[in-house]
Structures are given as C-alpha cells and as structure tokens.
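Engineer: Handing you a structure now.
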DNA sequence: GATGAATGAGAATTCATTCAT
DNA sequence: AATGAATGAATTCTCATTCAT
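Chains as they are written, first to last, in UniProt numbering: chain A, 1 to 199; chain B, 1 to 199; chain C, 1 to 199; chain D, 1 to 199.
Okay, structure coming up:
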C-alpha cells in the first residue's frame, strides 16, 4: 500500500503547503519535490503524474474525512442532528487546516475538467452521506417526504461549499464554526415542510 | 466604447464557442482569432491578454444579464416571487446558451485567483440582487426576520450554482427549467420561519 | 526635397527624443509618431522603414555638423589648430544636445550591422575631415611625416569617441568641454615626432 | 562552478560561432542549442536567458584574456614595453579568433544599455591594466607626468578598439598584427612629453 | 529505491508595415 | 497627403517527465 510508505504522505503534505502558499500554477513538481525533501524523479515513483498528486491529495485528505464522517453520523439517530454534525465536521475540518482549505476551495478548482471529473469521484462518498441524511429525514418525517433528493443534496452541498469559499475569499477573518448553527437552520428549513403546506 | 466596435463582440462570441468546445487551456488565442475572423494581433487591440478575454466575456454576458435581472425583479412585489424569477432567469439564461453555461460553470473557474477576484467583482451585482430580495422578504414578513443576510445569500447562490454545475457535469441531460419550482421551494423554505418557531 | 517639409524634421526630432528617453528597443514607430504628432502611417510617407528614420536622423544631425566643421576648419591654417577646433566642435555639438549625445553614443550602436554600415557611410565625411587635417600636418611638418594616415585617423576618432562615450556612461557628470585641451594635447603628441626621433 | 561543466563551455562556443555567422538577432536560442548539441531547455540550466549567454560569453573569453594580460605585463618592466605587449596581445587575441572578434566588436554592441553596463563591468579589469601601465610610465618618467590618467586610458582603449573595429568592418582584409608597432608608436607619443615642452 | 540533469513540445504576444478611406 | 485599424510572422522560455547512474 502506497500510503504506508513515508515518502507518499511526505509528498502529499508538501503539495498541500506548496500549492496553498504559491498557488496552483506556481506549484511546479520540482518545488513540491524540494519541499518534500526528495528528488524530482522520486515523485514519479509514487505518483503517475502531476495531476495524480492532486487527485491523491484530495483522496487522502477527503477520503479519511468521509470515513470519519460516516462513522460519527451513523451513531446519531435524527436527520437534523446528523446534518448538524455534517456541517460542524465540514467547517471544523477546513477551519483547522487553512492550507487544506485554500487548496480545496480555490486551487483545486483551477484544475482542468478531466481532473475535476476525478475529483467528483472522490466527492461521491461525501455526497452519499448527504443523500443518506436526506433520505433518513424524509423517512422519519423530519423532512418533507416530497423532496427531490438530488436537489436537496445540491442545496446542502452548495450552501456549505459556498459558505466555506466566501470565508476563504474574505481571508478567513471570521470564525467559521460560529456559522454551524445558522447554516444548519437554513438547511433544515429548506428540507422541512413548506410553510404553505403547514398552514 | 469598446463594446460598440463590432470586432469586440465578435471576439467575445468566438471565445465562448472555442473555450466551451476545447477547454480554456486548449483555446489558443490563434484559434479564437480564427473563429472570430480576425488576425491574432487584432485580439490585442481589444484585450490586454488572454485572461482579459475571459473576464471581459464574463463581464459582457453576466453584466447584461444582471441588468435585465434587476429590471424584471424590481417590477415584482413579493420576495418569493422575486426569488422565483431569479431562479427562473438564471436557469433560463444558462440553459439557452449551452456554450456559455460550460464556460461560466467550468472553464471560468480554472482561472487563477487574481482573475477570480475580478470575476467576483462582476458577481457583486448579482449578489446585490439576491441580498435585496432577502431583505425585502425579511421586511415583508415572508422570510424569517432573524436571517443572516450573508448566509441566506450564500445558500441561495450556492444552491443555484451547484444545481447548474451538476446539470453541466451530467451533460445537460435533463431539463434545467423543470428544476425552477423545486429549487425555489427549497430556498423559500430555507429563508422562511423555522418549523420549530412555528409550532 | 524631403527635409524642407515640416513633418520630416518633426519626425526626426521626435525620434531623437523618444530614443534617448526610452532606449532603442522601446522606441516603437508608433511612439515616435505620437511624439511627432502624426499618424503611424505618415511616418512611411517620409521614411522607407524604421531603420531609415535612424539613418536619416544621423545624416541630418551629423551631416549638417560635418558641413559646419569643414567650413570652420578650412579657415584655420595650422593642423594643430584645425585639430583643436575639431575636438572642440565635436564636444560642443554633443554637450549641447544631451538627447543627441545619448542616441549617437549608445542607442544608435544597438542597430544591426547592416545599418551600422550605412551609418559608417555618413561618418565618411567626418573621417575625411580628420584625414585632411592629418595630411595637412604631415605636409607642414607639424606632424610626423611617417604617420600612417588611417591609423592616425583611428586614434583621433577612437580617442574622441571613447571620451564622449565615457562621459555619457558617467551620466555627463563633468564638463566635457574642459577636456578639449588635454585631449587635443594627447592627439597632437600622438601625431607628432616620436621622442626618440627628436633626440 | 558552472564553467567546469562541459556543457557550459560547449554552449558558449556554439554561441560565438552562431552569433558571428548569423548576427545576434538571427541567432535563435534553438540554433545555438543545436550547434552545441544540447536541447533548447538545457541552455536555461546554464544561462538565465539569451542575453546572459552573451554576457557570459564575454566574461569567459575576456576574463581569461585579462588574466593572461595581467600575468604577462607584470613581468615586463618599462611602461612602453608593457603597452607594446598590451597592443600585441589584444590584436593577437582577436586576430586569432575571427568569430570572437566579430562578436566583441560588432554583435556585442547591439545589446541594450543594461547589458552594456554588465559588459563594462568585465571591461573594468582590462581598463585597470591600462591605468596601471599609464601610472607606471608617469612614475618612471617615460610618460608625461602631467597626463590625465582617465584621458590617457580613453585614448589607448579608444585607439585600439577603433583599430580593431575598422579591421573587422574592412572584412579583416589586412594583417592586424602588422599594426602593433605603429599603433604602439602613436600611443607612446600621445603619452609622452609634448613637443613644445621639449623645445 | 533514489537521483537530478537533460529533454523538447508548445503558445502568447509584439510591433513594423500596409492600405482602404 | 494623412490616417490608424488591422495584420501576421516570428521566437523565447517553461516545466512535466524520463532514464542512465
């Protein structure tokens, strides 16, 4: 397993730092190698090509996060609380690693479309968790059973993602974690029974 | 005024097509020039550099759209209906120009951060419209007066944007306009009184 | 006659200024045109191409100077005094027009070899004056009759030219005219009877 | 040390040939690379840019020459003989490498002013040797003790340089080394006691 | 496994010159 | 004569990737 070899994670971590500090275009392979303390050629013993570093970076950082997410959320019963945990963990994950936040919200999106398709593959796991929460809520009656799951997922992911991106674009000058409750409330409302229905 | 010169719009339109069909990086300036029916050098009479084509393209296409948006929405009285019009116009704008949709949702985001800052400048106008709708709704009692306007805006924009991006990533294989109503409903719910409040 | 048309000299003068202030490579035809207050295309009504501006510039500024030189020097009888006048006029000519001095000593030499051959053509007139002085001195017995005229000319021109170039490279921070006498003395010595001969 | 790497000198030598035969502007980097038997990109492992090749070329070829010059001249006692050696070595150096002569007398001067400042840095060493000779002669009584050292240096360098340039401009059709004695005589005279003083 | 010197494809941009008005 | 918008050829340099050691 690649990831058990020390240089693998060394390169990944160097890539996060170099990309965050210099931007995607200035993140030459040779710079990442230097930051990782390995030779340029060594990179190619662990990664197929430059794009592969990026995808792997996302897979490692996001993959383990999704694992944790699934684990924590499975232990919670209500959809609303699950969603609260999702928002909290998402915000906490990125607020606690500014370099990673910059890379995922800004730099990784400068990649070409082909790469973004692969990144979307990684996102699938995350989105499956969201779908699961939505369905749980619909079944339990917490959410409107008439919801379009895909749209609900897009609202949840779009809202969370946009909130993080705005926070990054504003130089992280406020506390992202303080937005967990209000964002959660917006999403719960969105997924809930429409007002008119209630009347 | 640049945009009164026919070649300016000619180049913009050629750029939309060439970039949508080939991707930003494969869209060589010479290809755009050829598609526009002008010489390579002519591009540089109208645009500072290749990036400037991209930003200008967004400014032109988005700027006029925001103008229309403001106009139409100002004629509507309720926040809910304003928001419905926004979603509808946004989806219609991009659904009716597939090339433009690809460029705005995918290609434009490959630009570097400096460029993205300029793009955000253009987005300001759009977001101001969203803010206006949210405030209108809060004042009229349609929306929860306790809303955080910035968060509400991020939910609205994030949801709409993510919906369009998903549609593009799925090769536009369904009808985006059919999503106007459900998306609108999600957003209205999100901005409305929380269920618990109502009880 | 081209040079009687006002725009001809207007362009020449603009070229001297633009080249002196911006350097040879930044002296685009369009900049010269702008400085001269004419359209780019107008340049080509008076000059065959960009190089032609440079050669013409040198011809005009140097040609008239050589005319004056011949005139003044013909009125002087001794070779030594003629040479003194030459050095004085040369230094005075360039010290009184800093822009021209920069152009002739630095910028004009960045031209390609073909152009430099043409410039040498212009220099012929100047060098003929020098040759004439040397021959006069050899005939009158002021100078060593065994001189190689070509070498004497190269010493005279080389010394004067190097002195002016050094003055320019040192930002013209001393008075060039104060060097007339010592430079003249060096040249007179060089052309005179060798010391050993005298003994 | 760059210059110990074989490719460094390989590229320098290729550059001398290519620039001499084609002129500086026609000497594309790819042509120099081809002549040196390396890839285009390899040039940039050894040189910052195209101009850097030119300056480095001059530094290498002129630097070692100045070293030799200092060495040989230090072993000679009289200023007159030192000067004779200087002229002889200078003429011999360029007469024995026609390509180098063309590059230093013609092509190197097409460089821009910034570059010429760097070239002047290299020339400093040469001019220091000249200054040393002049001072030696003034102290020993061979030269006029009233000489202005800077002017004497300008005469010596200007005369030698102009002589070589003329030789190049005349397609090297005569033997430069035959001019060593007469040029030396001119310079010795120039630096000697003025005739009037002797009377 | 590790190195890092060497490779070479690939594209944006400038600016002298033209010519329809 | 004068204009100035349009032309398009031409070249440096970067950087992901390879492979001999």
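Even for Gly, the Cβ is constructed at its ideal location relative to N, Cα and C.
As the structure is a prediction and not an experimental result, all values here were calculated from the model.
1) Relative to the C-alpha of residue 47 (chain D), which candidate in D:67, D:7, D:37, D:176 has its C-alpha closest?
2) Hey, residue 159 (chain D) and residue 129 (chain D) are a contact pair by Cβ (cut 8 Å); roughly how many whole angstroms apart?
3) Going along chain D in order, which residues have a C-beta closer than 7 Å to the C-beta of residue 159 (chain C)?
4) Checking 8 Å against the spacing of the C-beta atoms, do residue 11 (chain A) and residue 55 (chain A) come in under that value?
5) Any residues in the stretch 109-143 of chain C with a beta carbon nearer than 8 Å to a beta carbon of chain D? Which ones, in chain order?
6) In three-state terms, what does DSSP make of residue 76 (chain B)?
7) Could you give the residue range of the alpha helix (DSSP H) that holds residue 31 (chain A)?
8) Mapping the DSSP letters down to three states, classify residue 6 (chain C) as helix, strand or coil.
9) What is the DSSP secondary structure of residue 63 (chain B), counted as helix, strand or coil?
10) Use the C-beta contact count for residue 189 (chain A): other C-beta atoms within 10 angstroms, 16 or more gives buried, fewer gives exposed.
11) Looking at the unbroken alpha helix (DSSP H) that takes in residue 40 (chain B), where does it start and where does it end?
12) What are the boundary residues of the alpha helix (DSSP H) that residue 190 (chain D) is part of?
13) Near residue 177 (chain D), what residues of its chain come up, given a Cβ to Cβ distance below 8 Å and the 5 sequence neighbours on each side ignored?
14) By DSSP, does residue 14 (chain C) sit in helix, in strand, or in coil?
15) At the level of alpha carbons, what is the spacing between residue 244 (chain D) and residue 143 (chain C)?
16) Starting from residue 194 (chain B), trace the alpha helix (DSSP H) in both directions and tell me its first and last residue.
17) In this structure, how does DSSP classify residue 125 (chain B) when only helix, strand and coil are distinguished?
18) My guess is that residue 105 (chain D) and residue 194 (chain C) are in contact by the Cβ rule of under 8 Å, so how many angstroms apart are they, rounded?
19) To the nearest angstrom, how far is it from the Cα of residue 138 (chain C) to the Cα of residue 108 (chain D)?
20) Could you tell me the boundaries of the alpha helix (DSSP H) in which residue 105 (chain B) lies?
21) Helix, strand or coil: how does DSSP classify residue 154 (chain D) here?
22) Find the residues of chain B that neighbour residue 183 (chain A), judging by a C-beta separation of less than 7 Å, and give them in chain order.
23) Quick one: list the residues of chain B neighbouring residue 148 (chain A), beta-carbon separation under 7 Å, in chain order.
24) Once you ignore the five residues that flank residue 23 (chain A) on each side, which residues in its own chain have a CB closer than 7 Å to its CB?
25) Looking at the C-beta of residue 25 (chain B), does it have a partner C-beta in chain A at a distance below 8 Å?
26) Name the residue from B:122, B:117, B:9, B:161 whose alpha carbon lies nearest to the alpha carbon of residue 101 (chain B).
27) Comparing the C-beta of residue 21 (chain D) with each C-beta of chain C, is any distance below 8 Å?
28) Is it right to say residue 187 (chain C) is buried, meaning 16 or more other beta carbons lie within 10 angstroms of its own, or is it exposed?
29) Using a Cβ-Cβ cut-off of less than 7 Å, give me the residues of the stretch 85-109 of chain C that come near chain D, in sequence order.
30) Would you kindly work out how many angstroms separate the C-alpha atoms of residue 126 (chain B) and residue 119 (chain B), rounded to a whole number?
31) Measure the CB-CB distance between residue 57 (chain A) and residue 69 (chain A) and report whether it falls below 8 Å.
32) Do you know offhand how far residue 1 (chain B)'s Cα is from residue 59 (chain B)'s?
33) Please work out which residues of its chain come closer than 6 Å, Cβ to Cβ, to residue 20 (chain B), disregarding the five sequence neighbours upstream and downstream, and give them in chain order.
34) My understanding is that residue 134 (chain D) touches residue 153 (chain D), with C-beta atoms under 8 Å, so please give their C-beta distance in whole angstroms.
35) Can you list the residues of chain C that residue 169 (chain D) reaches, using a CB-CB cut of under 7 Å?
Structural biologist: Let's see:
1) Residue mapping note: residue 47 (chain D) aligns to position 47 of the fourth chain, counting from 1. Answer by Cα proximity: D:7.
2) Position 159 of the fourth chain, counted from the start, is the residue given in the question as residue 159 (chain D). Position 129 of the fourth chain, counted from the start, is the residue given in the question as residue 129 (chain D). The distance from the Cβ of residue 159 (chain D) to that of residue 129 (chain D) is about 15 Å, inconsistent with a contact at the 8 Å cut-off.
3) The count along the third chain starts at 1 and reaches residue 159 (chain C) at position 159. Chain D residues near residue 159 (chain C): 154, 155, 158, 159.
4) Mapped onto the first chain, residue 11 (chain A) falls at position 11. Mapped onto the first chain, residue 55 (chain A) falls at position 55. Inclusion of residue 11 (chain A) and residue 55 (chain A) in the CB contact set at 8 Å is not warranted, their separation being larger than that value.
5) Against chain D - using a Cβ distance shorter than 8 Å - the residues of the stretch 109-143 of chain C are 109, 110, 111, 112, 113, 116, 117, 120.
6) For the purposes of this step, residue 76 (chain B) is taken as the residue at position 76 of the second chain. DSSP places residue 76 (chain B) outside both helix and strand once states are collapsed to three, so it counts as coil.
7) By 1-based counting over the first chain, the position of residue 31 (chain A) is 31. It spans 29-36 - the alpha helix (DSSP H) in which residue 31 (chain A) sits, taken as one unbroken run.
8) Within the third chain, numbered from 1, the residue matching residue 6 (chain C) stands at position 6. Residue 6 (chain C) falls in the helix class under three-state DSSP.
9) If you number the second chain from 1, residue 63 (chain B) lands on position 63. Helix at residue 63 (chain B).
10) Here residue 189 (chain A) refers to the residue found at position 189 when the first chain is read from its first residue. By the 16-neighbour rule on beta-carbons within 10 angstroms, residue 189 (chain A) is buried.
11) What you label residue 40 (chain B) is simply residue 40 of the second chain in a count that begins at 1. 40-46 is the span of the alpha helix (DSSP H), which, as asked, contains residue 40 (chain B).
12) As a first step, residue 190 (chain D) must be located in the fourth chain, where it is residue number 190. From DSSP, the alpha helix (DSSP H) with residue 190 (chain D) extends over 180-191.
13) The sequence position of residue 177 (chain D) within the fourth chain is 177, counting from 1. For residue 177 (chain D), where only same-chain residues beyond five positions count, the Cβ hits under 8 Å are 88, 91, 92, 95.
14) Taking the first residue of the third chain as position 1, residue 14 (chain C) is located at position 14. For residue 14 (chain C), the three-state secondary structure derived from DSSP is helix.
15) No statement about residue 244 (chain D) is possible, as the shown extent of chain D runs from 1 to 199 and does not include it.
16) Looking up residue 194 (chain B) in the second chain gives position 194. Segment: none, residue 194 (chain B) is in no alpha helix (DSSP H) and carries neither H nor E.
17) Within the second chain, residue 125 (chain B) is the residue found at index 125, counting from 1. Residue 125 (chain B): helix per DSSP, three-state reduction.
18) To locate residue 105 (chain D), count along the fourth chain from 1; it is residue 105. To locate residue 194 (chain C), count along the third chain from 1; it is residue 194. So it is not a contact: roughly 28 Å between Cβ atoms.
19) Position 138 of the third chain, counting from 1, holds the residue named residue 138 (chain C). Position 108 of the fourth chain, counting from 1, holds the residue named residue 108 (chain D). Near 36 Å, if we compare the C-alpha coordinates of residue 108 (chain D) and residue 138 (chain C).
20) For the purposes of this step, residue 105 (chain B) is taken as the residue at position 105 of the second chain. Segment 98-105, the alpha helix (DSSP H) holding residue 105 (chain B).
21) If you number the fourth chain from 1, residue 154 (chain D) lands on position 154. In the structure shown, residue 154 (chain D) sits in a helix (DSSP, three-state: H, G or I).
22) Within the first chain, numbered from 1, the residue matching residue 183 (chain A) stands at position 183. The answer, in chain order, is 151.
23) Residue mapping note: residue 148 (chain A) aligns to position 148 of the first chain, counting from 1. Neighbours of residue 148 (chain A) on chain B, chain order: 182.
24) By 1-based counting over the first chain, the position of residue 23 (chain A) is 23. Around residue 23 (chain A): 107.
25) In the second chain, counting from the first residue as 1, residue 25 (chain B) sits at position 25. Look at residue 25 (chain B): its C-beta is under 8 Å from a C-beta on chain A.
26) Your numbering for residue 101 (chain B) matches position 101 in the second chain. Out of B:122, B:117, B:9, B:161, the CA that lies nearest to the CA of residue 101 (chain B) is found in B:161.
27) Your numbering for residue 21 (chain D) matches position 21 in the fourth chain. Not flagged as an interface residue toward chain C: residue 21 (chain D), since no C-beta distance is shorter than 8 Å.
28) Counting from 1 along the third chain, the entry for residue 187 (chain C) is found at position 187. In the assembly as shown, residue 187 (chain C) is a buried residue. Its beta-carbon has 16 or more other beta-carbons within 10 Å.
29) Those residues of the stretch 85-109 of chain C that come within reach of chain D (Cβ to Cβ, closer than 7 Å) are 106, 109.
30) Walking along the second chain from the start, residue 126 (chain B) turns up at place 126. Walking along the second chain from the start, residue 119 (chain B) turns up at place 119. Going by the C-alpha atoms only, they are around 11 Å apart.
31) Start at 1 with the first residue of the first chain, and residue 57 (chain A) comes out as number 57. Start at 1 with the first residue of the first chain, and residue 69 (chain A) comes out as number 69. No, the pair does not count as a contact, with Cβ atoms beyond the cut-off.
32) On the second chain, position 1 is the one that residue 1 (chain B) refers to. On the second chain, position 59 is the one that residue 59 (chain B) refers to. Low per-residue confidence applies at residue 1 (chain B): pLDDT is 44, beneath 50, and the placement is therefore not dependable enough to give any value.
33) By one-based count along the second chain, residue 20 (chain B) stands at place 20. Scanning its chain for C-beta atoms nearer than 6 Å, with the 5 sequence neighbours on each side dropped, one finds around residue 20 (chain B) the residues 99, 102, 103, in chain order.
34) Counting from 1 along the fourth chain, the entry for residue 134 (chain D) is found at position 134. Counting from 1 along the fourth chain, the entry for residue 153 (chain D) is found at position 153. Indeed they touch by this definition, with Cβ atoms about 6 Å apart.
35) For the purposes of this step, residue 169 (chain D) is taken as the residue at position 169 of the fourth chain. Result: 120.
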